[in-house]
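Numbering (the numbering used here), first residue to last: 520 to 640.
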């Protein structure tokens, strides 16, 4: 499985998980000039921008470490662009990270980090 396929499968698993816990996925791989948001969801009236990181190993660090301050800034810009483009005014925006550590071809350890960072990064 190549890197692109691994990322797609991770995003599929993350979206399914988020829906199982009651969130509504409204966008996947939403793009604008500022970049791409992996998943945009609603959790009640809260808009949630979700970054998904999938890794086969931790040789290059944990999946959480890949969500650097620079990446966080980009995600915040994406959330603002999404709100402006769609005209929605959520009561609150939350930034979550879902990490997947692949254990075997059909198993992965999924972690959902709610409110992983704030817009003041």
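Where a beta carbon is used, it is the ideal one built from N, C-alpha and C, also for glycine.
Two segments are said to touch when three or more pairs of C-beta atoms, one from each, lie closer than 8 Å; by this definition the segment 521 to 536 touches the segment 546 to 566.
If you keep only unbroken beta strand (DSSP E) runs of at least 3 residues inside the segment 534 to 610, you get 543 to 551, 554 to 562, 565 to 574. Look at residue 615 here: in three-state DSSP terms it is strand.
Ranking 567, 579, 524, 538 by CA distance to the CA of residue 612 puts 567 first.
Residue environment for residue 542: buried (at least 16 other C-beta atoms within 10 angstroms of its C-beta).
Taking C-beta atoms as the reference points, residue 559 and residue 534 fail to come closer than 8 Å.
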